[in-house]
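First comes the structure, then the notes that go with it.
Below you can see the structure in the form of structure tokens.
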């Protein structure tokens with residue numbers, strides 16, 4: 001891994017960790033080319049969430065993989081909250097209909 005000095009080091013580190021450990025713990029290395037690196041990860045993994053983290057419209061953009069993964073995780077949390085709200089509404093309507 002020490003052979004790579006560019007953003008490709010982040011990409012290579014991602015795949016090495018996923019292969020060896022099955023999980024990824026990011027290093028704090030900052031991106032030089034954020035959008036391009038995330039697009040490459042999206043294409044190579046088939047996971048659009050990397051690119052979506054860049055496009056999420058939040059001011060400041062991600063600086064490193066920690067930021068990217070935080071954005072992905074927060075979007076998942078928000079989606080879960082919305083699904084929970086919808087399920088709660090549906091259950092409430094079902095209970096009212098039974099009365």
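Residue numbers (UniProt numbering): 1 to 99.
Built from N, CA and C at the ideal position, the CB exists for glycine as well.
Values in this document were obtained by computation on a predicted structure and should not be read as measured data.
With a threshold of 16 other CB atoms inside 10 Å of the CB of residue i, please say whether the residue is buried or exposed.
| i | result |
| --- | --- |
| residue 28 | exposed |
| residue 43 | exposed |
| residue 32 | exposed |
| residue 77 | exposed |
| residue 10 | buried |
If we ignore side chains and look at the alpha-carbon of each, how far apart do residue i and residue j end up?
| i | j | result |
| --- | --- | --- |
| residue 47 | residue 87 | 27 Å |
| residue 98 | residue 90 | 13 Å |
| residue 17 | residue 24 | 6 Å |
| residue 5 | residue 12 | 11 Å |
| residue 65 | residue 35 | 12 Å |
| residue 58 | residue 45 | 23 Å |
| residue 70 | residue 3 | 27 Å |
| residue 67 | residue 96 | 43 Å |
| residue 15 | residue 7 | 13 Å |
Which residue comes first and which comes last in the alpha helix (DSSP H) that contains residue i?
| i | result |
| --- | --- |
| residue 20 | 8-21 |
| residue 32 | That residue, residue 32, is in no alpha helix (DSSP H); it is neither H nor E in DSSP. |
| residue 47 | Element bounds for residue 47: n/a, residue is neither H nor E. |
| residue 86 | 65-98 |
Give the C-beta separation of residue i and residue j to the nearest angstrom, bearing in mind that I take them to be a contact with Cβ-Cβ under 8 Å.
| i | j | result |
| --- | --- | --- |
| residue 53 | residue 38 | 6 Å |
| residue 63 | residue 30 | 5 Å |
| residue 81 | residue 49 | The pair is not a contact, with the Cβ atoms about 18 Å apart (cut-off 8 Å). |
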